[in-house]
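To start, the structure itself, in structure tokens.
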Amino acid sequence: SPDFCLANRKTGSLGTRGRMCNSTAMDISGCDLLCCERGYREETVVFQENCLCRFHWCCVVQCKKCMVRKELSLCH
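Using the numbering used here, read the sequence shown as starting at 2 and increasing by one per residue.
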């Protein structure tokens, strides 16, 4: 079977480099397996998203903007 760890145009595989993984999972989503034993890095991202949304009669939803900090694990 083809090696899906590395990018391969012939098979259409994008590889796993840069892919998000779960650093605490022991299943297929876990970094150890998904990153093909190449390791992973931790990265913190901060982004803005809608929060505290309220519906006003009739037919308007108003939201505030909140900053969200998220820890990501990405394959090497």
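We put the beta carbon where it would ideally sit given N, CA and C, even for glycine.
Where the alpha helix (DSSP H) through residue i begins and ends
i, result
"C32", "C32 to L35"
DSSP three-state assignment for residue i, whether helix, strand or coil
i, result
"K11", "coil"
"M27", "coil"
Range of the contiguous beta strand (DSSP E) that encloses residue i
i, result
"R42", "Y41 to H57"
"R70", "V61 to C76"
Contact check, residue i vs residue j, beta carbons under 8 Å
i, j, result
"C22", "C64", "no"
"L34", "R20", "no"
"V46", "K66", "no"
Rounded straight-line distance, which links the Cα of residue j to that of residue i
i, j, result
"S24", "V69", "20 Å"
"R42", "L73", "8 Å"
"C37", "R10", "19 Å"
"R56", "A8", "Before going on, a small fix: residue 56 reads as Phe here, not Arg. Each residue's Cα considered, the two are about 46 Å apart."
Residue i - partner residues in DSSP beta bridges
i, result
"C1", "With the chain covering only 2 through 77, there is no way to say anything about residue 1."
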